[in-house]
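**Q** Before anything else, here's the structure in question.
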Amino acid sequence: MASAASHVSFLPPVLTFCAAAVVAVPIFRLAGLSAVLGYLAAGVAIGPSGLALIEDPQTTATVAELGVVLLLFIVGLELKLAQLWDMRRDIFGLGLAQLGLSALALGGAAAVFGHTGTGSFVVGIALALSATAIALQMLEERHDLQAPYGHRAFAILLFQDISIVPL
3 MASAASHVSF LPPVLTFCAA AVVAVPIFRL AGLSAVLGYL AAGVAIGPSG LALIEDPQTT
63 ATVAELGVVL LLFIVGLELK LAQLWDMRRD IFGLGLAQLG LSALALGGAA AVFGHTGTGS
123 FVVGIALALS ATAIALQMLE ERHDLQAPYG HRAFAILLFQ DISIVPL
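Below, the structure written as structure tokens:
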């Protein structure tokens with residue numbers, strides 16, 4: 003088991019990210035803008051192009067991985083098995099259709115611009131995936147998560163998250 007001292011260097015970057023978000027998000031919300039834009043602005047401000055409070059890309063990647071894990075954990079906590087079963091057609095129908103058609107269109111566009119078959123596939127799949135954290139935050143801010151299209155959007159995002167592992 004790792005000692006407490008080995009995790010000491012992990013704490014300052016996490017606190018820096020949190021402090022930047024605590025400052026930026028309320029400012030953006032007061033201006034009537036999305037919290038997501040506040041998070042992006044905070045990242046630019048503390049990153050290498052801004053104040054350079056966080057310069058190590060490995061530190062950023064590690065904290066980002068933790069954030070993704072926590073996001074998926076929260077999504078998992080909010081899902082009920084019965085709700086997931088009711089959404090199965092939207093998850094595997096709409097989700098597969100969105101990912102497949104978007105990947106084909108974007109991969110086809112990449113092929114037109116001269117990418118190889120493998121390169122076109124990678125570009126198509128990569129650009130067909132959405133950022134679950136951003137999309138869910140925007141749906142929640144607009145109070146649209148309970149609307150029918152909010153349920154469908156959530157199902158598509160869930161399929162994309164599930165498809166990451168085999169991809």
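For the sequence shown, position 98 (counting from the first letter as 1) is numbered 100 according to the numbering used here, and the numbering increases by one without interruption.
For every residue, glycine included, the Cβ atom is placed at its ideal position computed from N, Cα and C.
With the cut-off set at 8 angstroms, would you say Ala-43 and Phe-30 are in Cβ contact?
**A** Yes, the pair counts as a contact, with Cβ atoms nearer than the cut-off.
**Q** If I follow the unbroken alpha helix (DSSP H) through Thr-120, where does it start and stop?
**A** Residues 119-130.
**Q** Pick helix, strand or coil for Gln-148, following the three-state DSSP scheme.
**A** Gln-148 falls in the coil class under three-state DSSP.
**Q** Tell me the residue span of the alpha helix (DSSP H) that contains Gly-69.
**A** Residues 59-80.
**Q** Cα separation between Leu-81 and Asp-88?
**A** Roughly 11 angstroms separates the two Cα atoms.
**Q** Per the contact definition of three or more C-beta pairs closer than 8 angstroms, is the segment 54-61 in contact with the segment 115-125?
**A** Contact between the segment 115-125 and the segment 54-61 is absent, because fewer than three Cβ pairs lie under 8 angstroms.
**Q** Taking Ile-127 as the reference, which of Leu-141, Leu-13, Asp-163 has the closest Cα?
**A** Here the closest residue by C-alpha is Asp-163.
**Q** Is Gln-85 near Ile-158, with beta carbons less than 8 angstroms apart?
**A** Not a contact, by the Cβ cut-off of 8 angstroms.
**Q** If you drop the 5 nearest sequence neighbours on each side, which residues of the same chain put their C-beta closer than 7 angstroms to that of Leu-98?
**A** Contacts found: Phe-161.
**Q** Based on Cα-Cα distance, which residue from Ala-23, Gly-152, Leu-35, Val-114 lies nearest to Leu-96?
**A** Residue Gly-152 is the option with its Cα nearest to Leu-96.
**Q** For the alpha helix (DSSP H) containing Ser-11, list its first residue and its last residue.
**A** From DSSP, Ser-11 is part of no alpha helix (DSSP H); its letter is neither H nor E.
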